[in-house]
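Numbering (the numbering used here), first residue to last: 22 to 224.
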């Protein structure tokens, strides 16, 4: 179901419903429409319109996310298909994962007081680690390492499709060598404290 402020369409994309909402953007399930009945299900990450003028830095953050994630070619990393800037909208087009996040799995286990099966969880995490390892190995055009660090690895950013495919997403605050947005200021913390590595917490 669409939210009250959800657009009905964005360019070639017809909005079907809201997947999630954060402080910077909302993610929608959409259908890319083309000639002769062509359709492709995708996810759109749309920056909140109120932020575009008030905080232009968020556009640079989305550009960074799109640029770095589009370079990672690995089955366990969510593919970035396009970056669109038009009228009053800036959004990123991604693969749509029809499934559930690890956050959803853990929440269900907590709500039902049923421990999640450890075997499948370890298998999902091993695939997620493979995706993150591929991101860590990413290189610039000159062959030098980009030194990429995701900085927000948490259950909500690990998706599992109904077919069992594992995808790591949300490189929005990733640190890498040629970011467009400004680096994190000294003393400023980015990420989710409960899932931070000690060295990230210590700066």
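No residue lacks a Cβ here, since even glycine has one placed at the ideal position from N, Cα and C. All figures in this text were calculated on a predicted structure; none of them were measured in a lab.
C-alpha distance - residue i paired with residue j, whole-angstrom precision
i: residue 208; j: residue 92; result: Note that residue 208 has pLDDT 45, beneath the 50 cutoff, so the model's placement of it is unreliable and no number is given.
i: residue 196; j: residue 33; result: 32 Å
i: residue 126; j: residue 181; result: 10 Å
i: residue 205; j: residue 172; result: A caution first: residue 205 carries a pLDDT of 49, below 50, which makes its placement in the model unreliable, though a value can still be read off. Distance between the alpha carbons of residue 205 and residue 172: 11 Å.
i: residue 184; j: residue 170; result: 28 Å
i: residue 136; j: residue 130; result: 5 Å
i: residue 164; j: residue 158; result: 11 Å
i: residue 124; j: residue 174; result: 11 Å
i: residue 31; j: residue 160; result: 33 Å
i: residue 106; j: residue 94; result: 24 Å
i: residue 82; j: residue 134; result: 38 Å
i: residue 29; j: residue 38; result: 9 Å
i: residue 104; j: residue 112; result: 6 Å
i: residue 139; j: residue 54; result: 40 Å
i: residue 142; j: residue 132; result: 17 Å
i: residue 75; j: residue 176; result: 31 Å
i: residue 117; j: residue 77; result: 27 Å
i: residue 52; j: residue 128; result: 29 Å
CB-CB length for residue i against residue j, believed under 8 Å
i: residue 101; j: residue 87; result: 5 Å
i: residue 189; j: residue 109; result: Rounded, the Cβ-Cβ distance is 30 Å, inconsistent with contact.
i: residue 156; j: residue 187; result: At roughly 14 Å, the Cβ-Cβ gap does not stay under 8 Å, so residue 156 and residue 187 are not in contact.
i: residue 48; j: residue 36; result: About 11 Å; that fails the 8 Å criterion.
Residues bridged to residue i [DSSP beta-bridge criterion]
i: residue 120; result: 182
i: residue 30; result: 35
i: residue 53; result: 34, 61
i: residue 47; result: 42, 67
i: residue 145; result: None, per the DSSP bridge assignment.
i: residue 81; result: Per DSSP, none; premise fails for residue 81.
i: residue 104; result: 113
i: residue 166; result: 160
i: residue 98; result: 189
Reference residue i; option with closest CA among the options
i: residue 99; options: 64, 28, 111; result: 64
i: residue 46; options: 70, 95, 116; result: 70
i: residue 122; options: 76, 95, 191; result: 191
i: residue 84; options: 66, 95, 74; result: 66
i: residue 166; options: 89, 40, 42, 43; result: 89
i: residue 50; options: 178, 119, 103, 81; result: 119
i: residue 43; options: 72, 28, 55; result: 72
i: residue 179; options: 146, 115, 168; result: 146
i: residue 193; options: 80, 176, 76; result: 80
Item to check | Three CB pairs or more closer than 8 Å across the segment 136–154 and the segment 58–74 | outcome: no
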